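Going by this note's numbering, the first residue of the sequence shown is number 16, and it counts up by one from there.
Only one structure is covered here, and it is reproduced in the block below.
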Amino acid sequence: MNVVLFGATGMVGQGVLRECLLNPEVRSVLAIGRSETGQQHAKLRELVHPDFLDFSAIENELSGFDACFFCLGISSAGMTEADYRRITYDVTMAAARVLARLNPGMTFEYVSGMGTDSSERGRTMWARVKGETENALLRLPFNAAYMFRPGVIVPLHGIKSKTKLYRFFYAAAGPLLPLLLAFPKYVTTTERIGRAMIQVARRPAAKPVLENSDINKLQLAEAG
Ligand SMILES: NC(=O)c1ccc[n+]([C@@H]2O[C@H](COP(=O)([O-])OP(=O)(O)OC[C@H]3O[C@@H](n4cnc5c(N)ncnc54)[C@H](OP(=O)(O)O)[C@@H]3O)[C@@H](O)[C@H]2O)c1
């Protein structure tokens with residue numbers, strides 16, 4: 016399987032990249048970002064692109080993929096709705112539209128979050144915008160699209176979040192973090208998300224929206 020990965024420098028993306036590089040079913044990974052991950056691996060190629068609202072300059076690099084793992088995203092803390100929407104909806108859709116056109120056989124997998132509002136009308140700004148993004152992605156002509164809704168994500172294997180707020184939370188929770196895994200309805204790990212994403216790209220899941228507990232169940236099949 017050939018994978019294109021967005022957000023590989025972030026916490027979730029680093030975890031997904033790690034699982035892709037370890038998994039023999041993944042033949043190649045193209046990571047597209049504003050900067051490089053700094054990782055070297057025979058399966059990994061990186062493309063640095065400055066403008067995530069316009070991919071026309073790199074369109075010739077964007078075909079031939081079986082799956083896209085879209086892990087790019089930001090926290091809404093302290094952001095206006097317009098700014099949050101520009102990254103969450105506009106950037107995601109700019110990439111997804113090009114990929115759907117060039118890769119009709121693709122499985123597109125988007126990391127949103129637990130509590131995402133599919134009605135697009137609720138009172139919580141981030142949940143509304145993520146809901147709008149999910150709904151728009153599900154309308155694109157991909158072979159399949161899946162929305163991953165993790166709750167709390169425990170970073171494993173030395174992975175760190177780029178978001179200050181999350182880094183503070185993980186540092187404060189410290190050794191208690193692994194104990195949270197006793198709550199699979201609400202808590203997952205970077206490793207489990209990566210494994211579940213690969214599993215869903217290989218074998219269709221029963222439904223397009225995957226909640227935290229679905230992610231934890233799916234990854235078991237990939238873990239073997
Ligand atoms: N962390 C959690 O516990 C958690 C829980 C549930 C859901 N999620 C969701 O998972 C997704 C990823 O979260 P994360 O924790 O991995 O975040 P993160 O560590 O802050 O990483 C964010 C990633 O998105 C990229 N990015 C951000 N803004 C960008 C922009 N304007 N243009 C291009 N790239 C941009 C970053 O690239 P740069 O390196 O260039 O900044 C980085 O690769 C988000 O949608 C988040 O809502 C996270």
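C-beta atoms are modelled at their ideal positions from N, C-alpha and C, and glycine is treated no differently.
These numbers come from a predicted model, not from an experiment.
Residue from the options with nearest C-alpha to residue i
{"i": "G22", "options": "I102, A160 and R182", "result": "I102"}
{"i": "I174", "options": "N17, R42, G48 and Q54", "result": "Q54"}
{"i": "A238", "options": "T24, G28, E74 and P39", "result": "P39"}
{"i": "L155", "options": "M212, A221, T107 and K222", "result": "T107"}
{"i": "G88", "options": "L45, R207, W141 and T52", "result": "W141"}
{"i": "T24", "options": "V44, R49 and V41", "result": "R49"}
{"i": "P193", "options": "L180, I213 and H172", "result": "H172"}
{"i": "K58", "options": "D66, E124, E51 and L45", "result": "L45"}
{"i": "D105", "options": "R136, R60, A151 and D81", "result": "A151"}
{"i": "D81", "options": "G209, R138, A110 and R217", "result": "R217"}
Distance cut-off 8 Å: residue i Cβ against heavy atoms of ligand 1
{"i": "A111", "result": "no"}
{"i": "G209", "result": "no"}
{"i": "R100", "result": "no"}
{"i": "L77", "result": "no"}
{"i": "V144", "result": "no"}
{"i": "A23", "result": "yes"}
{"i": "R49", "result": "yes"}
{"i": "K177", "result": "yes"}
{"i": "I168", "result": "yes"}
{"i": "V224", "result": "no"}
{"i": "F198", "result": "no"}
{"i": "T103", "result": "yes"}
{"i": "P165", "result": "yes"}
{"i": "V27", "result": "yes"}
{"i": "L87", "result": "yes"}
{"i": "V41", "result": "no"}
{"i": "V19", "result": "no"}
{"i": "V44", "result": "no"}
Proximal residues to residue i (C-beta, below 8 Å), its chain only, five neighbours per side dropped
{"i": "L77", "result": "V19, F70, V113, L114, L117 and N118"}
{"i": "K145", "result": "T103, S127, G128, T131 and D132"}
{"i": "L225", "result": "Y161, M162, F163, R164, A211, V215 and L233"}
{"i": "E149", "result": "Y125, S127, T131, S133, M162 and V224"}
Assigned exposure category for residue i - 16 Cβ within 10 Å defines buried
{"i": "V63", "result": "exposed"}
{"i": "P190", "result": "exposed"}
{"i": "D98", "result": "exposed"}
{"i": "R207", "result": "buried"}
{"i": "L180", "result": "exposed"}
{"i": "E34", "result": "buried"}
{"i": "G30", "result": "buried"}
{"i": "D229", "result": "buried"}
{"i": "T122", "result": "buried"}
{"i": "R143", "result": "buried"}
{"i": "E74", "result": "exposed"}
{"i": "E147", "result": "buried"}
Beta-carbon contacts of residue i that lie in its chain and below 7 Å, excluding the five residues immediately before and after
{"i": "V167", "result": "L195, Y201 and V202"}
{"i": "G79", "result": "N17"}
{"i": "V176", "result": "It should be noted that the sequence gives Ser, not Val, for residue 176. So the qualifying residues of the chain are M26, P170, R182 and Y185."}
{"i": "S91", "result": "Y99, M140 and W141"}
Cβ shell of residue i (< 6 Å), same chain only, five flanking positions each side left out
{"i": "G120", "result": "N158"}
Proximity test, residue i beta-carbon vs ligand 3 heavy atom, cut-off 8 Å
{"i": "M94", "result": "Although ligand 3 was asked about, the structure shown includes only ligand 1 as ligands."}
CB contact check: residue i to chain B, cutoff 9 Å
{"i": "L114", "result": "Structure shown: chain B not included; a single protein chain is present."}
> Residue ranges of each alpha helix (DSSP H) run of no fewer than 4 residues wholly in the region 119-190, ordered along the chain?
Replying inline: 140-154 and 179-188
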